[in-house]
Amino acid sequence: MEKLIISPAPHIHSGDSVSKNMYGVVIAMVPALLASLYFFGLGALIVTLTAVAASVLFEFLIQKYILKGPVTILDGSAAVTGLLLAFNLPSNLPLWMIIVGALVAIGVAKMSFGGLGNNPFNPALVGRVFLLISFPVEMTTWPVVDPLATTYLDAETGATVLGILKEGSASLPAVSDMIVGNIPGSLGEVSAIALLVGLGYMLIRKIITWHIPVSILLTVAVFTGILYLADPATYASPLVHLFSGGLMLGAIFMATDYVTSPMTFRGMWIYGVGIGLLTVIIRTWGAYPEGVSFAILIMNGFTPIINFYVKPKRFGEKPKKA
Amino acid sequence: MKTFRIGGIHPAENKFAAGKKIITAALPGQVVIPLAHYIGTPADPVVKRGDIVKVGQIIGQASGFISANVHSSVSGKVVKLDVQLDASGYKRPAVFIEVDGDEWLETIDRNPEIKRECTLSKQEIIEKIKAAGIVGLGGATFPAHVKLMPPPGKKAEVLIINAVECESYLTCDHQLMMEHGEEILIGVTILMKALEVNRAIIGVENNKKDAIQLLKKLAADYKGIEVEALKVRYPQGGEKQLIDALIRRQVPSGRIPVEVGAVVQNVATTYAIYEAVQKNKPMVERVMTITGKDAPNPGNYRVRLGTYLSNVVEEAGGVPEGTGKIVGGGPMMGRSLMNLNIPMAKGSSGVVFIRDAEAIRKPVQNCIRCTKCVTVCPMGLEPYLLMAQSERNMWTEMEANRTMDCLECGSCSYTCPSNRPLLDYIRFGKSTVGGIIRSRTAK
Amino acid sequence: MLTDLILSFFITTMNVVLISLITLGVIGAVAAIILFVVAKKFHVFEDPRIDEVEAALPAANCGGCGFPGCRGFADACVKSDELGDLFCPVGGNDTMAKVAAILGKTAVAQAPKVAVVRCDGTCEHRPRYNEYDGVKHCFIAHNLYSGETNCSWGCLGFGDCELSCEFDAIKVNPVTMIPEVDDDKCTACGACVRACPKLLIELRKKGPKGRRIYVGCRNEDKGHITKKACDVGCIGCAKCFKVCPHEAITVGNNLAFINDEACKLCRKCVEVCPTNAIKEINFPPRKVKEEEAVAAE
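Chains as they are written, first to last, in my numbering: chain A, 1 to 322; chain B, 323 to 765; chain C, 766 to 1062.
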């Protein structure tokens, strides 16, 4: 180089980057995606492709033509949002609804706040909740598992585990089916085991830390455990709660979203416990059968307050004596 | 295996010069000895133009409490007193000496034989260390004797020798331990005597297994000296981190280590103290590492103070092709050098050549709030928040968030996936907040 | 029968209306009394002239006067006996005259000032040897090292002064990397003076027709070092000091300084300066002397 470079220390960098983390999340979602492709067939493929393509396209259009700034679709964040949105949708949702959901997720929940890093709420969840409130029928009509199906819109439908719990209409499927994913539901949430494989990958790659998923799952297990012990006839067992609905997906991929989760380990515990409690409360006593999305969005709202009051453990800080 | 309890990173070690024998660099034709160190007040020159000096002769008298004597590292004639660009990036006062032969002061014992007994009293030891102008050789160049005089009412319980060398690339301390282990241990006993403690721990990172083995073997003959292997983790060489790692005590914010009963000295400083006390040799030379991914001949060199870095680098094979940045010291905390016409100072622990591609920072992106900076901060701070506050000049809030605790280790900037210049802004805030605090206490 | 019904309905309605009226009236009266008492008891007297003075001020809230905002300055003006040192640099003498009129005090007229940048180390005059790759912020760069050039005193060119200016008056020229001051916009509030870590910016008398002379250098290194680093640096040769008929020039630390109070703008120093470090602003071009014109041909 012609001139020596002068810069403040440090002079080396870990080589970590935003896109590496984002594509790491994408890779971690692959097992769950494969599971959903197996269980729901063509419908899952169409929904996923549409959601990802629409999210990336909307991000591109907004950055290029509305904000007229740099286009950063290659950093992978829009793809992650699209994938997460798809994971939260039933595999027989009409295309135009998916596109509307992607528009709300990217356009309203992400870009209007200033893009990556500035959104207070998880974009994919905002998209999903928008769809859930606007099109409640379509969003709660889940196709039954039909391995490698070739049907899309006219698939046979059935009730989810949590729906059965709420209605009390039929008997629950076996827990082993819930773990594998052999149950009706949103396409990414059904296979707990595939989601846990993704969690393991993200922990090994150090993309996320264990605090949020563990605190959520632990809270749900303990809370529902207490309820179950108190009255096994009315309340479902913790195993059913842990492996049903969007809890695994929410705890592993949605609540751990960098931007909308707290910055300290102590804060993550508060956040995780809050999500766990709210989830169980909504599931047990609320009007909706499933409450993970709402619980996460509510705790997203508390994240700035948690960040303000909860500080990391400072070096040399004396533990407070009782 | 022990390590400190909060944060930390593990950069690629790249210790290319490990195991390379210390080479004594050739005497240069001229030396420029800086009178100022990285911190503290510059020494007052006591020689003038035309004076003939010998090796070890005092040329700068310490002025003020945090200041150290400066000695001539060569024999020859003082050409001029002028300013010279040094590693600080500024032109500061220095003494220019033209080398003529290599004549040492008669009082200096140049016999390589190891001298074990030390009959001096505590006060005499401290006086000798002070007179020899010894400063912390880890890079901060804090005068060594100041640490040996704890403030009234405070008593040291344990001496900690910092031999972790946690910076990647650097190997000079490692090699010094391998070649002068015996002398270092005698230095430790001298320091123990000066501090009136009967326990000393030498902390060595586990990537220097041979040195740990050697020191453990040698330490068996000495009473009260332990050698502890530590997990490889940066910034373990930070004083507070090392104390935490070895004796599980955390120095509270704004306090000094002796308040938890520990005094830390660098291993190279300990060696220099041995030479000063037992051999009457002032601080006139030190070992430094010349290295880099493309360095033709990475190695450890014993260099006289005031030698232009270009001379040493020339001896080590010159600057490799495609070097974008030259760092004085380790790559995490060292300073990038403006050029190589910079004199070697007491704190110069190495020269690292950084390749073009690694030299330029990547474009800055939005903060994605991934919490990685908070996770790695060894002081438990929130770098992302401090940077945002510094950008917006929110000094009161920065102080409340304990920005003054930052030890500028650079772990936050190193780890940031968005390449944000966290430490640049925190340093800016630190100096501003420091000024505000000083003006407040002055009132 | 019907009338009875209507009457009773009317009476009931009247009752409701009456009750509400009375209740609300009482609440209102009690509240009014409380408010009145509190207002009287905790009344803070504020000199109405503070508002008047504040209205006369330019409302820039720049802090150039040394007080927190225009109201702080107005408060100080009203409270002090003499206007003496109090001066609003943004409003200038006109505003101070108005303030003086409101308060019945006399304002001391001050010569209008303007910020000058005492460095002319453009890329042409001062070769760059390094490339800075940190945050583009003068203060941060200044903490790190002396600059990309050999001159440790000169402008870094990252524009802290430009950021600090509320009036859009100082801008870093992207070609020369040296800030330039717009005379018309500059209010001499002093924000840039405080922002510059190299202490290069000084407030000087604007001078008649904006004419002024100053030493465009802050380098206190010895002459030979300055000369090597920059073509237009002051080498402290003191030629200007010797030639100045008004004793306006002092030389210390290898640097000349022109006192703007004593300077009579004769321009003799500009002619003798060997390095062109002395700058003249807004003067008409010199007449080329005849001999020189001949020589040029």
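For glycine and all other residues, C-beta sits at the position ideal for the given N, C-alpha and C.
A straight line joining the alpha-carbon of A/G301 with that of B/K765 spans about 43 Å.
When B/Y630, B/T613, B/G628 and B/P579 are compared, the shortest CA-CA separation from B/N622 is found for B/T613. For B/M655, the neighbours in chain A by C-beta distance under 8 Å run, in chain order, A9 and P10. The closest CA to that of B/G411, considering only C/D933, C/N915, C/D947 and C/P1049, is found on C/N915. Residue environment: A/N122 is assigned as buried (16 or more neighbouring CB atoms within 10 Å of its CB, all protein chains considered). When DSSP states are grouped into helix, strand and coil, A/T303 belongs to the helix group. When DSSP reads this structure, B/V674 sits in a beta bridge with B/T613 and B/V649. Comparing C-alpha distances from B/F464 to each of B/K539, B/F338 and B/H359 shows the shortest one belongs to B/H359. In this structure, the alpha-carbon of A/M29 lies about 12 Å from that of A/T48. DSSP links A/L4 through a beta bridge to C/N895.
Contact annotation: the region 874-883 of chain C does not touch the region 906-914 of chain C, with fewer than three C-beta pairs closer than 8 Å. Cβ atoms of C/C999 and C/A1027 stay farther apart than 8 Å, at about 18 Å. Between B/S394 and B/K370, the gap from beta carbon to beta carbon reaches 8 Å or more. Here C/E811 is exposed: its Cβ has fewer than 16 other Cβ atoms, across all protein chains shown, within 10 Å. In its chain, beyond the 5 residues on either side, no residue has a beta carbon closer than 6 Å to the beta carbon of B/M716.
Across the structure, A/V214 and B/V486 are spaced so that their CA atoms are roughly 35 Å apart.
In the three-state scheme derived from DSSP, where H, G and I count as helix and E and B as strand, B/Q379 is classed as coil.
Restricting attention to B/I344, B/L729 and B/A466, the CA atom closest to the CA of B/T592 is found in B/A466. Under the three-state reduction of DSSP output, C/D769 falls in the helix class. By the C-beta density criterion, A/H211 is buried, having at least 16 other C-beta atoms within 10 angstroms. Taking 8 Å as the CB threshold, B/N661 lines the interface with chain C. DSSP links B/K413 through a beta bridge to B/L407. For B/A453, the enclosing alpha helix (DSSP H) covers residues K444 to A453. Taken through DSSP and simplified to helix, strand or coil, C/V818 comes out as helix. Selection C/V1035, C/P1010 and C/K987 evaluated against B/L403 yields C/K987 as nearest (Cα-Cα). Distance check between C/I966 and each of C/V900, C/C920 and C/C853 places C/C920 closest, using alpha-carbon atoms only.
For A/M254 against A/I296, the beta-carbon gap comes to about 5 Å, under 8 Å, which counts as contact. Close CB contacts of C/D947 within its chain, under the 6 Å cut and outside five residues either way in sequence, are with A934 (chain order). The beta-carbon of B/K413 is placed less than 8 Å from the nearest beta-carbon of chain C.
In this structure, B/Q587 places its C-beta atom within 8 Å of the C-beta atom of B/N484.
Within the region 105-121 of chain A, G114, G115, L116, G117 and N118 place their CB atoms closer than 9 Å to a CB of chain B, listed in sequence order. A distance below 6 Å between beta-carbons, with the five flanking residues on each side excluded, links C/N826 to the following residues of its chain, in chain order: G834 and C835. With 16 or more other Cβ atoms inside 10 Å of its own Cβ, B/A384 counts as buried. In chain order, V1037 place their CB closer than 6 Å to the CB of C/K1004, counting only its own chain and leaving out the 5 sequence neighbours on each side. The continuous alpha helix (DSSP H) containing A/P213 extends over residues H211 to A230.
For B/A681, the residues of chain A that pass the 9 Å Cβ criterion are M1, L4, I5, S7 and H11, in the order they occur in the chain.
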